[in-house]
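Quick notes on the structure that follows.
There are 2 protein chains.
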Amino acid sequence: MTIVEVTTLEPEVLEEAIPAHLKRPRTRPRSSPPGFTPKHASYSARFDEDVAILPMVYIGLQFPPRARVEPAIQTIEDGIAGSFGPDFHDRARYVDSQGKENIIFALYWRGRENHQRWNNLKPDGWWHADLAIGGEIGAFEERYQPSVMDTETTFSHPHPEGYATLADGMSGKTDTHEYWGSARDRIPRAQFDDLAPGVLHHADDPAKSETQGRTVVVQPHENLCLLRSGQDWTDTSGAEREFYLTEVRPLLEAGMREISEDGAGMGCHFNRYVQLEMDGAPVERTYSLSAWRSLADLEAWVKADTHLQIFGAGIRHFKKAGERAKLRLYHEMMVLKASDQRFTYFNCHNQTGMLRRLPDTRRSKVP
Amino acid sequence: MTIVEVTTLEPEVLEEAIPAHLKRPRTRPRSSPPGFTPKHASYSARFDEDVAILPMVYIGLQFPPRARVEPAIQTIEDGIAGSFGPDFHDRARYVDSQGKENIIFALYWRGRENHQRWNNLKPDGWWHADLAIGGEIGAFEERYQPSVMDTETTFSHPHPEGYATLADGMSGKTDTHEYWGSARDRIPRAQFDDLAPGVLHHADDPAKSETQGRTVVVQPHENLCLLRSGQDWTDTSGAEREFYLTEVRPLLEAGMREISEDGAGMGCHFNRYVQLEMDGAPVERTYSLSAWRSLADLEAWVKADTHLQIFGAGIRHFKKAGERAKLRLYHEMMVLKASDQRFTYFNCHNQTGMLRRLPDTRRSKVP
């Protein structure tokens, strides 16, 4: 006797978010309800099979308003422009919880090799080599190297941002969104892995080996979840623009404040809600970069009241604007192996990035 | 009509040096003469299929005799002992062409992940963070990450050294040695790749991006060839020991001097002929680590007079000592992609490692 497995057939026009070459036998079933079909369009970035790793580096400068930060910016821009530099990068700015200005460069490579070559050409700590210990400018570098198995994207429009700018294309409309658990269902590794977090070690290494001078390296833990979630209202106008700016954005900003300031209890290690810049001037695009103890923690927040309000406002926005909606939303999310993360902080205040998660005894080494 | 390919059958007792799972269709034939069978035994390290990368890091300290180098040694030993540290390491010493003492730590990992985790826990430049710019102690770090496709070993005895200590075992006797070109025939990638060198760029990046303070990073080139070639006379005695020390070693040392001092014209970037230490005291084991512009350059030197004399002395040694020969020779060799190399020099003299190959204008930045 043969056992015939019957699967629900999806409407022909929709694709799965996971591309064919990353499909694996599922030991962990999808969460989509039986017969589910999403109402709105969503797209995912597609890479050819030759792309296995998507290295990305976030470099930040942190300084009091009106500090003379131009030389430090120039150092980083020169570094980005060097041989084998990123295939795509963008620059953003925000004021953090301590009232410091932050400029954030996000660097992306398509594949491991050029990133590694670039990195191999850089002197250790090149991004802070010109800064003085105890000076008014701090800097940090957060490196991530997700496998394509460990990450997913979703876009309201086939309009790439982040690493999707390096993709070979966008999928057609997918069936893997608009239900609880859909982000997990889009991550190829989650087909067979529960993505459970490892423990954040504080005391594994003696301070000596992790902390030298004013540089602090934070030990990563398994399956940290990193979310870049973005908004682009450049092309909106009239009533749609008004609705976004007065109804959606205030709720988004309240949610951003919540996880930025009180995220610890929810498993949010840090959050930065930043505005992109072109040629040094702000543009109508924002994103938040948030790091979570696990995808499960993020999933829990997504179902909590603050986020439900943001989510509801987003739904109302697209319902109101209809098919011609010009507001573009996207995210790229990844669940990272410990070996694919590196966190280095130089001369930064102790509420910066992963430093927030260190016990006071460790954090106090940083000014 | 079918074309039948006839290959020479090797005697059943001998294996190929390339393991089955790294065999690829050969577009570049082996160099072994028809019907060739080697006279002496040779073995190669064998790794299971799960091992794809063999990261190794050479860390050196360079100092005038009698410098107080103990704290710098301790920093490196603490680093080695940290979480996810090397699966094997050894320590050696030599006096370089400038009369400086050098202590060399060779660190090996079985596979990429733990090396990456270890590296991600280390502050940038941790290996020289306690050293003063302009002080009497210099330090360098040379990182290599060969794929198992890019490297080979050969051993006169099934007695591992270097990365072979991390192997799953030794092969049986192989057929892939004792003829010109056999080293190339042992490298899996050479089955389909000529391993031609890339150009050593001097001026690709402005000095600014490569040189900061007293740290110099040297830009790698494609297919640099790295050879660790070792000698172990620990177990020799009587006439065999006498022969090695009076007939073989002096010729070896002359050859080492030749490529250390005058290697540039032969394509030898640098050579270090070092003696291993256990608990800080020398043991009866030496190795040379030499970096070549290409495998072809190394092959040319191997056929040149100086090396032929060493080679001849080795043959006489094993002929004389017969099957009970206790002298153990080995090498591990790799042809490295540019992205798998990283060279960093801090406060070192300008005849150190790859610094020898920089034009004077670049080298003069280093004391």
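Just so you know, the protein sequences line up as chains S and F, in that order. The first sequence runs 1 to 367 under the numbering used here. The second sequence runs 368 to 734 under the numbering used here. From the three backbone atoms N, C-alpha and C, an ideal C-beta is built for every residue, glycine too.
Spanning the alpha carbons of residue 503 of chain F and residue 533 of chain F requires a straight line of approximately 36 Å. Contact residues of the segment 114-126 of chain S toward chain F are 116, 117, 120, 121, 122, 123, 124, 125 and 126 (C-beta to C-beta distance below 7 Å). With a 10 Å radius around the Cβ and a threshold of 16 neighbouring Cβ atoms, residue 647 of chain F comes out exposed. Any Cβ of chain F closer than 9 Å to the Cβ of residue 129 of chain S would place that residue at the interface, and such an atom is present. The three-state reading of DSSP puts residue 547 of chain F in coil, since its state is none of H, G, I, E or B. Against residue 220 of chain S, the close residues of chain F are 487, in the order they occur along the chain (beta-carbon pairs closer than 7 Å). Only buried fits residue 555 of chain F, as 16 or more other CB atoms lie within 10 angstroms of its CB.
Residue 660 of chain F places its beta carbon less than 9 Å from that of residue 592 of chain F. Counting only runs of 4 or more residues that sit fully inside the segment 423-484 of chain F, the alpha helix (DSSP H) segments are 437-448, in chain order. With respect to residue 143 of chain S, residue 274 of chain S sits apart: the two C-beta atoms are not nearer than 9 Å. The continuous alpha helix (DSSP H) containing residue 688 of chain F extends over residues 672-688.
By DSSP's assignment, residue 514 of chain F forms a beta bridge with F:420. For residue 191 of chain S, the three-state secondary structure derived from DSSP is helix. Taking all protein chains in view, the Cβ of residue 133 of chain S is surrounded by fewer than 16 other Cβ atoms within 10 Å, so the residue is classified as exposed. Taking CB atoms only, residue 676 of chain F has no neighbour in chain S less than 9 Å away. Beta-bridge analysis with DSSP links residue 341 of chain S to S:144. Distance from the CA atom of residue 686 of chain F to the CA atom of residue 81 of chain S, rounded to whole angstroms, is 59 Å.
Excluding the 5 residues flanking it on each side, residue 526 of chain F has same chain C-beta neighbours closer than 7 Å at 695, in chain order.
By the rule that beta-carbons nearer than 9 Å mark a contact, residue 24 of chain S does not touch chain F. Contact check for residue 184 of chain S against residue 54 of chain S fails: the beta carbons are separated by 9 Å or more. When beta bridges are read from the DSSP output, residue 410 of chain F appears opposite F:522. Annotation: Cβ neighbours of residue 584 of chain F in chain S (cutoff 9 Å, chain order): 120, 121, 122, 123, 124 and 126. Using a Cβ-Cβ cut-off of 9 Å, residue 705 of chain F counts as an interface residue toward chain S, since at least one Cβ of chain S sits closer than that to its own. The continuous stretches of beta strand (DSSP E) do not include residue 260 of chain S, which lies in the alpha helix (DSSP H) extending over residues 249-262. For residue 536 of chain F, DSSP records a beta bridge to F:413.
Around residue 85 of chain S, the same chain offers 118 as residues with beta carbons nearer than 7 Å, after the five sequence neighbours per side are excluded. At a cut-off of 9 Å between beta-carbon atoms, residue 558 of chain F makes no contact with chain S. Relative to residue 141 of chain S, the option among F:429, F:535 and F:491 whose CA is nearest is F:491. Between residue 149 of chain S and residue 43 of chain S, the CB-CB gap reaches or exceeds 9 Å. Shown in chain order are the members of the segment 331-360 of chain S whose Cβ falls below 9 Å from a Cβ of chain F: 337, 338, 339, 340, 341, 342, 343, 344 and 346. The beta carbon of residue 450 of chain F falls within 9 Å of a beta carbon belonging to chain S, placing the residue at that interface.
For residue 36 of chain S, no alpha helix (DSSP H) run applies, since DSSP gives it neither H nor E. Scanning F:618, F:689 and F:635 for the CA closest to the CA of residue 666 of chain F turns up F:635. With respect to residue 607 of chain F, residue 553 of chain F sits apart: the two C-beta atoms are not nearer than 9 Å. The beta-carbon of residue 477 of chain F is placed no less than 9 Å from the nearest beta-carbon of chain S. Relative to the Cα of residue 283 of chain S, the nearest Cα in the group S:262, S:246, S:234 and S:309 belongs to S:234.
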